[in-house]
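S.K.: What follows is a structure written as structure tokens; I'll ask about it next.
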Amino acid sequence: MNYIFPNFRRLGLFLLGILLCLGLVWHLLPSDGRGHRKPARGTQRGLNATPTSSKKTSTVDRHRGGRQFPLLDDPSIAASVGSRDQPVIRLVHQSWVNATLPPLFARWAGSFGRCFPTYRYALWTDEDNRRLIAEHYPWFLARFDSYGVGVQKADVSRLFYMYHYGGLYCDLDCECLANFEHMLANTSLAFGAMDGKMIYSSSDSSYVDEGQIENSFMYSRPKHPFFWELIRVLNTTTEGLPIMTSGPYLIMRGIHSARKRGLDKTKFDGLPYLTIYPPHLFNPYSWIRHNAPSCRLFGDFSEESLARCRNSFKTSYVIQYHTQVWDKGKHNVLNRIKF
1 MNYIFPNFRR
11 LGLFLLGILL
21 CLGLVWHLLP
31 SDGRGHRKPA
41 RGTQRGLNAT
51 PTSSKKTSTV
61 DRHRGGRQFP
71 LLDDPSIAAS
81 VGSRDQPVIR
91 LVHQSWVNAT
101 LPPLFARWAG
111 SFGRCFPTYR
121 YALWTDEDNR
131 RLIAEHYPWF
141 LARFDSYGVG
151 VQKADVSRLF
161 YMYHYGGLYC
171 DLDCECLANF
181 EHMLANTSLA
191 FGAMDGKMIY
201 SSSDSSYVDE
211 GQIENSFMYS
221 RPKHPFFWEL
231 IRVLNTTTEG
241 LPIMTSGPYL
251 IMRGIHSARK
261 RGLDKTKFDG
271 LPYLTIYPPH
281 LFNPYSWIRH
291 NAPSCRLFGD
301 FSEESLARCR
311 NSFKTSYVIQ
321 YHTQVWDKGK
331 HNVLNRIKF
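Going by full-length UniProt numbering, the sequence shown opens with residue 1, and the numbers climb by one from there.
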């Protein structure tokens, strides 16, 4: 017995030490705000890790002029961001092929941080886009993988950002000039029109009175039926998808259909179902009309030419420069080392 008790004592102290170590590790793990502990970021899976990698933080935040722009740490909070007192979904979505933005795009991305310093930000990569579909909408994955052109997949992915999380989406060649949260507070879905028409027949399924509605500026509350209907249409379409029908023309088709069914006169989540803002607010430079010669440079800007273009639209909240990085502006934007 004299030999047994010391052994038990040492064993008890050993076990107590293990428990203390485990307790310390548990205490150091970050909390999700609801009493649940999450693994360290380096081991997160799925969307919680998507917009918060260190590479993305350094790529985007370093261009924000020293102002903090919180990244989207837990996308599940999107649905609870809005309320009757504060209905705006304070998230900004942008996307690129990878986490390293070209200098010009990084500069313009930083403008949204200056306009909305309290908003969360998500930079979605091609890999992130596919993961979003695979984890939350696996029934659409085969259709998503069938799109052969990268820009098609990017266009389609935007529909899922807007439906799943809500918030504000802007193309990377958009620059924010001033805060416009008040323009989002009284609507559940918003787009910005652009001067010019590509579809003239009112009988066309993508015709809208405003002219051209781009998918480069969109705002929505989560789970809006507008985007669900577009996703459903894409999933039931068996023929090949022309490249442009995955973007602006799909949005205009949705607007045309909503108006035909009278949905634009209804409400979603207690707010107007659909709002289309005039061109001078969010898309003043038209790639159809070329209404500002100083802007028609497809991303080949100097500081002086960019200032001239911006000064052409002093009353706008957002300018899209329409760099057409997938076509004419590819060399100007992608091969530029710095700006």
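All C-beta atoms, glycine included, are put in the ideal place defined by N, C-alpha and C.
1) Roughly how many angstroms separate the alpha carbons of threonine 275 and tyrosine 119, rounded to a whole number?
2) Check each candidate in Gly150, Phe140, Ser202 and Met183 and name the one with the smallest Cα separation from tyrosine 219.
3) Quick check on threonine 57: does DSSP put it in helix, strand or coil?
4) According to the neighbour-count rule (16 or more other Cβ atoms, all chains shown, within 10 Å of its Cβ), is threonine 125 buried or exposed?
5) For the pair the region 223 to 236 and the region 153 to 161, tell me if three or more CB-CB distances fall below 8 Å.
6) Could you tell me which uninterrupted alpha helix (DSSP H) segments, each at least 4 residues in length, are contained entirely in the region 259 to 332, listed from first to last along the chain?
7) Say whether the region 129 to 139 touches the region 266 to 283, bearing in mind that this needs 3 or more beta-carbon pairs closer than 8 Å, one atom from each stretch.
8) Are the Cβ atoms of leucine 168 and leucine 91 separated by less than 8 Å?
9) Under 8 Å, with one C-beta from each stretch per pair, do the region 188 to 196 and the region 209 to 223 reach the 3-pair mark?
10) To the nearest angstrom, how far is the alpha carbon of serine 305 from that of aspartate 128?
11) Spell out the partners DSSP gives cysteine 176 in its beta bridges.
12) In whole angstroms, give me the CA-to-CA distance for proline 248 and tyrosine 321.
13) Output the distance between the C-alpha atoms of isoleucine 251 and arginine 131, rounded to the nearest integer angstrom.
14) Which of the three DSSP states is assigned to valine 97 in this structure?
15) Please look up how many angstroms separate the CB atoms of aspartate 173 and tryptophan 108, rounded, as I've assumed it's under 8 Å.
16) Measure the C-alpha to C-alpha separation of alanine 307 and arginine 232 and round it to an integer number of angstroms.
17) Sort out for me which residues DSSP pairs aspartate 254 with in a bridge.
18) Could you compute how far the alpha carbon of histidine 290 sits from the alpha carbon of phenylalanine 313?
19) Can you name the residues that DSSP bridges to glycine 167?
20) Quick check on DSSP: helix, strand or coil for tyrosine 121?
21) I'd like the list of long-range same chain contacts for proline 278, defined as Cβ closer than 7 Å, with 5 residues on each side in sequence excluded.
22) With respect to the alpha helix (DSSP H) encompassing alanine 134, which residues constitute its N-terminal and C-terminal limits?
23) Am I right that valine 149 and phenylalanine 217 are in contact with their C-beta atoms under 8 Å? What's the rounded C-beta distance?
24) Name the two residues that bound the continuous alpha helix (DSSP H) containing leucine 234.
25) Closest by CA to arginine 253, which one among Thr315, Asp204 and Glu303?
26) First and last residue of the beta strand (DSSP E) that includes glycine 196?
27) Report back the beta-carbon spacing between threonine 187 and proline 293 to the nearest angstrom; my notes put them in contact at under 8 Å.
28) Opposite isoleucine 89 in the DSSP bridges: which residues?
29) Could you say which of Arg221, Thr266, Tyr147 and Ser316 lies nearest to threonine 237 if we only look at CA atoms?
30) Can you tell me which residues form a DSSP beta bridge with phenylalanine 191?
31) CB-CB under 7 Å to lysine 223, same chain, minus the five flanking residues each way: which ones, in chain order?
32) In angstroms with no decimal places, state the Cα-to-Cα distance between alanine 258 and proline 87.
33) How long is the line joining the alpha carbons of cysteine 295 and cysteine 309, rounded to whole angstroms?
34) Per the DSSP calculation, glutamine 212 is bridged to which residue(s)?
35) Measuring CB to CB, does histidine 256 end up less than 8 Å from tyrosine 200?
36) Can phenylalanine 105 and cysteine 170 be called in contact, C-beta distance under 8 Å?
M.R.: Reading it off the structure:
1) 22 Å
2) Met183
3) Residue placement at threonine 57 is poorly supported in this model, since its pLDDT is 36, which falls under 50; the coordinates are not used for a value here.
4) buried
5) yes
6) 279 to 282 and 303 to 311
7) no
8) yes
9) yes
10) 34 Å
11) Val318
12) 16 Å
13) 23 Å
14) coil
15) 7 Å
16) 42 Å
17) The residue you asked about is not aspartate; residue 254 is glycine in the sequence shown. Paired residues: none, contrary to the question.
18) 13 Å
19) Ser220
20) strand
21) Ala193
22) 126 to 136
23) About 22 Å separates the two Cβ atoms, so there is no contact after all.
24) 225 to 236
25) Asp204
26) No beta strand (DSSP E) contains glycine 196, which DSSP labels as neither H nor E.
27) Incorrect: roughly 33 Å between the Cβ atoms, too far for contact.
28) The partner list for isoleucine 89 (beta bridge, DSSP) is empty, contrary to what the question assumes.
29) Tyr147
30) Met218 and Ile276
31) Tyr163
32) 22 Å
33) 5 Å
34) Met194
35) no
36) no
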